[in-house]
Amino acid sequence: MYVEFLGIPRERAGISELELEAETLGQVLGALSARCPGLSDLITPAGLHPSIAANLNGDEFVTSLETRLAGDDRLLILSADVGG
Amino acid sequence: MPLSEDVLRQYIGGSGLGAWLLASNQDLPPDPLSPDAPLIFAFSPLVGSPLTTSAKFAVVSRSPLTGRFNDSLASSGFAIAGKQAGCDAIVIVGKAPALSVLVIDDGNVRLEPAGDVAGESCPVTEERLRARLGTDYRIASIGPAGERAVRYATISHDGRHAGRGGSGAVLGSKNIKAIAVRGTQRVGWARPRQLTELSRDLSKRSFGPATAKYRELGTAANLLTFNRFGTLPTRNFQQGTFEDAPNLSPEQLRVEYSRTRASCVACTIGCEHIYSVGKSSVRVEYENLFALGSLCGVSDHAAVLRASQRCDELGIDTISAGGTIAFAMECVERGLLDEPWLTFGSGEAVLRAIDLIGTREGVGALLAEGSRRAAETIGQGSIAFAPQVKGLEIPGYEPRGLQTMALGFAVGARGADHNRSGAYDVDFSDKVDRRHATLDSVRHAIDTEDKAALMDSLILCKFLRRVLEDFHGESAAMLVAVTGWDVTSDELRETARRIVATKRQVNLLAGWTLAEDTLPDRFFNSPLPNDPEAVLTRERLQELVAEYHRQRGW
Numbered sequence: 053m054y055v056e057f058l059g060i061p062r063e064r065a066g067i068s069e070l071e072l073e074a075e076t077l078g079q080v081l082g083a084l085s086a087r088c089p090g091l092s093d094l095i096t097p098a099g100l101h102p103s104i105a106a107n108l109n110g111d112e113f114v115t116s117l118e119t120r121l122a123g124d125d126r127l128l129i130l131s132a133d134v135g136g
Numbered sequence: 011m012p013l014s015e016d017v018l019r020q021y022i023g024g025s026g027l028g029a030w031l032l033a034s035n036q037d038l039p040p041d042p043l044s045p046d047a048p049l050i051f052a053f054s055p056l057v058g059s060p061l062t063t064s065a066k067f068a069v070v071s072r073s074p075l076t077g078r079f080n081d082s083l084a085s086s087g088f089a090i091a092g093k094q095a096g097c098d099a100i101v102i103v104g105k106a107p108a109l110s111v112l113v114i115d116d117g118n119v120r121l122e123p124a125g126d127v128a129g130e131s132c133p134v135t136e137e138r139l140r141a142r143l144g145t146d147y148r149i150a151s152i153g154p155a156g157e158r159a160v161r162y163a164t165i166s167h168d169g170r171h172a173g174r175g176g177s178g179a180v181l182g183s184k185n186i187k188a189i190a191v192r193g194t195q196r197v198g199w200a201r202p203r204q205l206t207e208l209s210r211d212l213s214k215r216s217f218g219p220a221t222a223k224y225r226e227l228g229t230a231a232n233l234l235t236f237n238r239f240g241t242l243p244t245r246n247f248q249q250g251t252f253e254d255a256p257n258l259s260p261e262q263l264r265v266e267y268s269r270t271r272a273s274c275v276a277c278t279i280g281c282e283h284i285y286s287v288g289k290s291s292v293r294v295e296y297e298n299l300f301a302l303g304s305l306c307g308v309s310d311h312a313a314v315l316r317a318s319q320r321c322d323e324l325g326i327d328t329i330s331a332g333g334t335i336a337f338a339m340e341c342v343e344r345g346l347l348d349e350p351w352l353t354f355g356s357g358e359a360v361l362r363a364i365d366l367i368g369t370r371e372g373v374g375a376l377l378a379e380g381s382r383r384a385a386e387t388i389g390q391g392s393i394a395f396a397p398q399v400k401g402l403e404i405p406g407y408e409p410r411g412l413q414t415m416a417l418g419f420a421v422g423a424r425g426a427d428h429n430r431s432g433a434y435d436v437d438f439s440d441k442v443d444r445r446h447a448t449l450d451s452v453r454h455a456i457d458t459e460d461k462a463a464l465m466d467s468l469i470l471c472k473f474l475r476r477v478l479e480d481f482h483g484e485s486a487a488m489l490v491a492v493t494g495w496d497v498t499s500d501e502l503r504e505t506a507r508r509i510v511a512t513k514r515q516v517n518l519l520a521g522w523t524l525a526e527d528t529l530p531d532r533f534f535n536s537p538l539p540n541d542p543e544a545v546l547t548r549e550r551l552q553e554l555v556a557e558y559h560r561q562r563g564w
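Respectively, the protein sequence lines represent chains D and V. Letter by letter, the first sequence follows residues 53 to 136 in our numbering. Letter by letter, the second sequence follows residues 11 to 564 in our numbering.
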């Protein structure tokens, strides 16, 4: 599966996307913590920091760490605050 | 006029107090640009306190663009000066015999001639008046657009604008070029030790991840996010993605231009990202980039920055300017308007149109009226794609892909607005399906509208909203520390509802009908080209609006 970073998560990760193997949202966040140290203050043991959101394929916003992911899914990590 | 403590507690300040002052006037003249129409600058209990982001003021009147209630907010030293001059609000009625500066020096009020700054830009006007009156004056001014009654003219202070709805035209209609305020009175607080502790804690939290977006990229961070979600309004809302969005993004702008950051007075967030353009500079916000960029199909970042800067100088709302120009471009494309130079994608055309609007010359006289009035003049069904609600141009949130926000736009007292409804926050969450709003979306839209009304009355910057873990409880604690009132969370919830209802009351006095709570025909039954699932029907929106009114008890 693929992870795309937008806004602050992209700033912190230093990349716009990466590919990794994971079956759940929790596994993705665990992998991101290891591979992108810059994201450390945005990922907590309980999930993403409240200021950050995760979206599956541009459709559904997901929060449960148990959320199942498919191999061709794209998980978008973005700032939850879209005020302008 | 004296204000009772009951009124101040029920409406707090800012937008709430302004709404009450306006609603109390049962004889509002039909024309918002009439000399008798009041223009209100409302401050708030928190202004002048050490609470971060509290140096804000509201400008309240009926809008010359919509005919309905309008409140626009701006920040910085003017708010503190107004408070230190002893004012909870400044209400202006009448018309000066010649272009003037309204000078408020503590409790003393006088008019001074302003002929020497006639036609000058907002920054030049401020600079000259401070040189004349003294650097301890804080000045809010209008540019050439306000003098010429452009219906979406702004009131500017220190590079920021009370931007939406045309309050600059209202001030201009009174022959007031600027208001200069100096105050020396000490602002006291009921519980100073408690206030100091609250302020320190809030400031500390304001440096955390919840505000990182504003500090590091600014509101412009939305551009690539919205483009990715297909919700970046493009070419007058004909598309939801813009192929050249990366070129306008803050990530690209910082490569092309040098950048500095700035803050309003008494703010620890520092959301302002200022880019150097030649020998001058311009503040860049998402709404500028969207309205003068993707909405007009312009990918030339230099042209977009210059257009934004020109709007600031002339004193024009960038959202309404971009919306009206994009509408005119589509009219040209459809053969409804004979201005062949005004084409999507042309940065030169946007710049030329802005200058014509600011001077009301040529087609600028038509565009200075806003997209709704322009559509009424052009006719031929063009009202269907005029990008407005109640006459106020729609900000950069595509309603078909963000349907809770679509409801927020439709029911907004001042028209389509992202500052009075934060329903986009709901669409970007797991609370709703953003492309398929249900009746359950309504309570969320109401909640964001109520919270916005409260923040606009306290007044605190909305960029703090995710810092406040217990929004009502923390807001109540701040108000208790400043005023000594035994305010509770529940009281503030009721106060917010009262304020929203009072805005509606002004609209009822001005002739509002339920038919106004809708969107342009463009958004019904035609999906976004890049997102076939994003369909909003008229019937669905009507159901949502009806449920909104039912839950409001109206």
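The beta-carbon is built from N, C-alpha and C at its ideal position, and this holds for glycine as well.
The alpha carbon of Val69/V has as its nearest neighbour, out of Gln204/V, Arg192/V, Ala172/V, Cys306/V, the alpha carbon of Ala172/V. Distance from Leu38/V to Leu402/V at the Cβ level is roughly 18 Å; contact not present, criterion being Cβ atoms closer than 8 Å.
Taking a Cβ-Cβ threshold of 8 Å, the residues of chain V close to Pro102/D are Ala220, Arg476, in chain order. With a threshold of 8 Å between beta carbons, Phe473/V makes contact with chain D.
Taking C-beta separations shorter than 8 Å and ignoring five residues to either side along the sequence, the partners of Gly117/V in its chain run Ala95, Gly96, following chain order.
Identification of residues in the region 416 to 439 of chain V having a C-beta nearer than 8 Å to some C-beta of chain D yields His428, Gly432, Tyr434, Asp435, Phe438, Ser439, given in sequence order. In this structure Val421/V is buried. Its beta-carbon is surrounded by 16 or more other beta-carbon atoms within 10 angstroms. The alpha-carbon separation between Gly494/V and Ser14/V amounts to approximately 15 Å.
Taking 7 Å as the cut-off between beta carbons, the residues of the region 57 to 89 of chain D near chain V are Leu58, Gly59, Ile60, Glu63, in sequence order.
Close CB contacts of Ser85/D within its chain, under the 6 Å cut and outside five residues either way in sequence, are with Ile95 (chain order).
For the region 116 to 199 of chain V, the full-length alpha helix (DSSP H) segments reaching 4 residues or more read 132 to 143, 154 to 157, 177 to 183 along the chain.
Pairing Asp466/V with Asp111/D, the inter-Cα distance amounts to about 32 Å. Runs of the alpha helix (DSSP H) lying entirely within the region 417 to 445 of chain V and spanning at least 4 residues, in chain order: 433 to 437. Taking Lys187/V as reference, the option from His167/V, Glu526/V, Ala491/V with the minimal CA-CA separation is His167/V. Phe354/V carries a coil assignment under DSSP once its states are collapsed to helix, strand and coil. Contact between Ser73/V and Ala47/V is absent: CB atoms are separated by about 10 Å, not below the 8 Å threshold. Under the 8 Å criterion on CB atoms, Arg238/V is classed as interfacial with respect to chain D. Chain order gives no chain V residues near Asp124/D, where near means a beta carbon separation below 8 Å; the closest approach is about 17 Å. Between the alpha carbons of Gly325/V and Leu143/V lies a distance of about 22 Å.
In this structure, Thr194/V lies away from Gly178/V, with their beta-carbon atoms at least 8 Å apart.
By the criterion of a C-beta distance shorter than 8 Å, Leu83/V is surrounded in its chain by Gly24, Ser25, Lys66, Phe67, Ala68, Val69, Ala172, Asn429, Asp466, Ile469, once the five residues flanking it on both sides are discounted.
Residue pairing for Gly99/D: DSSP places it in a beta bridge opposite Thr96/D. Along the region 125 to 136 of chain D, going in chain order, the ones with a CB nearer than 9 Å to a CB of chain V are Leu128, Leu130, Ser131, Ala132, Asp133, Val134, Gly135, Gly136.
Around the beta-carbon of Trp30/V, 16 or more other beta-carbon atoms lie within 10 Å, marking it buried. Each residue's CA atom was taken as its position, placing Thr328/V and Gly82/D some 43 Å apart.
About 5 Å separates the CB atoms of Gly250/V and Thr241/V; that is less than 8 Å, so the two are in contact. By a beta-carbon distance limit of 8 Å, Gly175/V contacts Leu75/V. Their separation comes to about 6 Å. Between Leu352/V and Ala359/V, the CB-CB gap stays under 8 Å.
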